[in-house]
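Chemist: Structure incoming, see below.
2 protein chains.
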Amino acid sequence: MKKLNFNDIQALPRLERMHLINSLGGIKSANLIGTMDAVGNENLAIFNSVIHLGSNPPMLNFMMRPHTVERHTYENIKDTLFFTVNHVHEDWVDSAHQTSAKYEREESEFDKVGLTAEYRDNFSVPLVKESLVKMVCSFVNDYPIKEQNCHLIVGQIEALYYHEDIQHDDGFLDLTKAKTAGIIGLDGYVKTNSLKRYDYARPNEKPSLK
Amino acid sequence: MKKLNFNDIQALPRLERMHLINSLGGIKSANLIGTMDAVGNENLAIFNSVIHLGSNPPMLNFMMRPHTVERHTYENIKDTLFFTVNHVHEDWVDSAHQTSAKYEREESEFDKVGLTAEYRDNFSVPLVKESLVKMVCSFVNDYPIKEQNCHLIVGQIEALYYHEDIQHDDGFLDLTKAKTAGIIGLDGYVKTNSLKRYDYARPNEKPSLK
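Given below as structure tokens:
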């Protein structure tokens with residue numbers, strides 16, 4: 001096995017270090033966050049850090065680097081207090097990745113990358129029509145993370161839309177059926193196939209399959 | 001498409017709501033966090049929220065629910081200031097899932113689930129020998145997240161071990177080659193296959209493959 005200590009990592013060329021360190025967490029989620037600014041400009045940007053925070057009440061969080069291309073998303077959420085989270089699917093990862101280009105505020109990434117903005121139930125933030133799992137969230141909190149000048153954004157799920165076909169009887173969504181993509185590193189997109197579902201684990205029992 | 005608003009979600013039975021909301025973020029990473037308490041008891045627990053925070057210096061973060069089975073991990077990190085992060089691979093997701101059972105502090109999950117504790121380079125925290133991508137981290141910060149009584153833990157990567165075969169020339173680790181697993185919801189494990197890698201996206205160019 002190759003070994004790198006802290007100093008070895010710090011001595012790597014910048015891009016090589018970025019690709020390596022961004023790969024280390026494992027398989028990451030692929031979501032498009034949709035927002036609108038105060039004068040009606042749509043924005044759409046890809047994020048790899050969305051995760052549920054808890055289910056009662058239903059909340060999620062994601063990490064933001066506000067001084068990069070993501071700044072429009074950050075400013076819009078702080079201004080309008082709403083955003084959407086939309087799963088990226090295998091068939092259009094190219095469009096999803098292209099949202100990471102630095103478009104101007106007046107340009108809608110929906111138009112630029114070939115995805116369709118969709119408005120539902122009187123919410124003023126755009127969903128991605130092509131997405132099979134998507135939600136409208138309200139802004140709840142912003143935690144500054146001083147170590148890398150990041151912000152952890154917490155949102156509450158106000159409305160949720162998904163294809164019924166992918167849901168199991170116990171509530172679980174089989175995202176492999178929806179062809180929801182994952183991400184490795186900065187730019188590696190993956191498809192997923194189900195392995196197994198397990199029952200709740202107990203100390204003196206073998207893992208049992210659902 | 002099925003639609004649920006906030007009140008519909010809150011009205012679901014508890015377990016159904018948990019399975020549903022835990023599925024919504026997308027594909028999650030599968031990592032085992034290894035720790036040791038002050039008197040030498042090993043601990044190993046599965047987490048689905050590990051993600052890089054930044055690459056210079058190399059840092060990662062994960063979310064903790066300290067009043068659940070994860071409390072041993074939390075207490076050990078606060079006591080000893082070190083932990084390991086170890087990728088879970090397809091071939092032994094059953095062992096990884098079994099670490100979520102509520103073992104006693106004196107019981108080592110390594111022994112109970114059939115994984116091997118490994119100590120390298122004078123660090124006193126256990127790595128998982130079977131893991132092909134793993135790291136030793138020092139504790140950096142603990143951010144209380146009041147919304148769901150969680151804690152965001154930030155760590156710095158002090159040593160990193162991985163199989164050279166999975167690395168691309170630009171630093172990227174092809175985790176599909178390592179057979180690193182992903183997680184959906186609470187208990188659904190997935191394997192991954194590469195789709196595409198893209199170049200850095202620019203506004204007036206089509207997405208180009210690496």
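So the sequence lines, in the order shown, correspond to chains A and B. In this text, residue positions in the first sequence follow my numbering: the first is 1, and each later residue adds one. In this text, residue positions in the second sequence follow my numbering: the first is 1, and each later residue adds one. The beta-carbon is built from N, C-alpha and C at its ideal position, and this holds for glycine as well. Owing to the predicted nature of the structure, the values given are computational and were not obtained by experimental measurement.
Measure from the C-beta of Gly182 (chain A) to each C-beta in chain B and report whether the shortest distance is under 8 Å.
Modeler: yes
Chemist: If we call anything under 8 Å between Cβ atoms a contact, is Glu107 (chain B) one with Leu44 (chain B)?
Modeler: no
Chemist: Compare the C-alpha of Lys72 (chain B) against each of B:Phe82, B:Gln167, B:Pro144 and B:Asp37 and name the closest.
Modeler: Residue 72 (chain B) is actually His in this sequence, not Lys. If we check each option's Cα against that of His72 (chain B), B:Asp37 comes out closest.
Chemist: Apart from the five residues just before and just after Val154 (chain B), which ones in its own chain have a Cβ nearer than 7 Å to its Cβ?
Modeler: Contacts found: Leu53, Met59, Asn61, Val140 and Asn141.
Chemist: Report all residues from its chain with a CB closer than 7 Å to the CB of Tyr162 (chain B); omit the five preceding and five following residues, and keep chain order.
Modeler: Leu132, Val133 and Leu173
Chemist: Look at the Cβ atom of Ser49 (chain A), then the Cβ atom of Lys28 (chain A), and state whether they are nearer than 8 Å.
Modeler: Between Ser49 (chain A) and Lys28 (chain A), the C-beta spacing is below 8 Å.
Chemist: Pull up the CB-CB distance for Lys206 (chain A) and Tyr198 (chain A), whole angstroms please, since I reckon it's below 8 Å.
Modeler: That pair is no contact at about 10 Å.
Chemist: The stretch 146–162 of chain A: which residues have C-beta closer than 8 Å to a C-beta of chain B, in chain order?
Modeler: Lys146, Glu147, Gln148, Cys150, Leu152, Val154, Gln156, Ile157, Glu158, Ala159, Leu160, Tyr161 and Tyr162
Chemist: Strictly below 9 Å CB to CB, what residues from chain A border Asp187 (chain B)?
Modeler: Phe172, Lys196, Arg197, Tyr198, Asp199, Tyr200, Ala201 and Lys210
Chemist: Between Tyr133 (chain A) and chain B, is there a C-beta pair that is closer than 8 Å?
Modeler: At residue 133 (chain A) the sequence reads Val, which differs from the Tyr that was named. Yes - at least one Cβ of chain B is within 8 Å of the one on Val133 (chain A).
Chemist: Can the beta-carbon of Thr116 (chain B) be found less than 8 Å from the beta-carbon of Thr80 (chain B)?
Modeler: No; because the gap between Cβ atoms is not below 8 Å, this pair is not in contact.
Chemist: Kindly list the residues whose CB is nearer than 8 Å to the CB of Ile183 (chain A), restricted to its own chain and excluding five residues on each side of it in sequence; keep chain order.
Modeler: Ile27, Lys28, Ser29, Ala30, Asn48, Tyr189 and Val190
Chemist: Please name the residues in the stretch 21–51 of chain A whose beta-carbon is closer than 8 Å to at least one beta-carbon of chain B, in chain order.
Modeler: Ile21, Asn22, Ser23, Leu24, Gly25, Gly26, Ile27, Lys28, Ser29, Ala30, Asn31, Asn48, Ser49, Val50 and Ile51
Chemist: So, are the CB atoms of Asp165 (chain A) and His19 (chain B) less than 8 Å apart?
Modeler: For the 8 Å CB-CB criterion, Asp165 (chain A) and His19 (chain B) do not form a contact.
Chemist: Any idea what DSSP makes of Thr176 (chain A), helix, strand or coil?
Modeler: coil
Chemist: Any beta carbon of chain A sitting closer than 8 Å to that of His87 (chain B)?
Modeler: yes
Chemist: Using a Cβ-Cβ distance cut-off of 8 Å, determine whether Leu4 (chain A) contacts chain B.
Modeler: yes
Chemist: What does Thr192 (chain B) reach in chain A if we use C-beta pairs closer than 9 Å?
Modeler: Ile27, Gly182, Ile184, Val190, Lys191, Thr192 and Asn193
Chemist: Provide the residue span of the beta strand (DSSP E) that contains Gln156 (chain A), from first to last.
Modeler: Start and end: Cys150 to Tyr162.
Chemist: Phe110 (chain B) lies in the alpha helix (DSSP H); which residues open and close that run?
Modeler: Glu109 to Val113
Chemist: Determine the chain A residues that contact Leu175 (chain B) at a beta-carbon separation under 7 Å, and present them in chain order.
Modeler: Ser23, Gly26, Ile27 and Ile184
Chemist: Considering Cα atoms alone, identify which of A:Val85, A:Ser100, A:Leu4 and A:Glu16 is closest to Leu24 (chain B).
Modeler: A:Val85
Chemist: Looking at the secondary structure, which residues open and close the alpha helix (DSSP H) in which Ile9 (chain B) lies?
Modeler: Here the alpha helix (DSSP H) through Ile9 (chain B) covers Phe6 to Gln10.
Chemist: Going along chain B, which residues have a C-beta under 9 Å from Val140 (chain A)?
Modeler: Glu147
Chemist: Any idea what DSSP makes of Met1 (chain B), helix, strand or coil?
Modeler: coil
Chemist: Return no unless some Cβ of chain A is closer than 8 Å to the Cβ of Leu81 (chain B).
Modeler: Not closer than 8 Å to any Cβ of chain A, the Cβ of Leu81 (chain B) fails to qualify, so no.
Chemist: Using beta carbons (cut-off 8 Å, strictly below), is Tyr119 (chain B) in contact with chain A?
Modeler: Against chain A, the CB of Tyr119 (chain B) has no partner CB under 8 Å away; the residue lies outside that interface.
Chemist: Please state if the CB of Lys179 (chain B) and the CB of Asp94 (chain B) are separated by a distance shorter than 8 Å.
Modeler: Not in contact: Asp94 (chain B) and Lys179 (chain B) (Cβ atoms no closer than 8 Å).
Chemist: Whole-angstrom Cβ separation of Ala201 (chain B) and His97 (chain A), contact assumed at under 8 Å?
Modeler: Taking a contact as a CB-CB distance under 8 Å, the pair Ala201 (chain B) and His97 (chain A) counts as one, their CB atoms being some 6 Å apart.
Chemist: With a CB to CB cut of under 8 Å and the five nearest residues on each side skipped, what residues in its chain are close to His89 (chain A)?
Modeler: For His89 (chain A), where only same-chain residues beyond five positions count, the Cβ hits under 8 Å are Glu130, Ser131, Leu132, Ala178, Lys179, Thr180 and Ala181.
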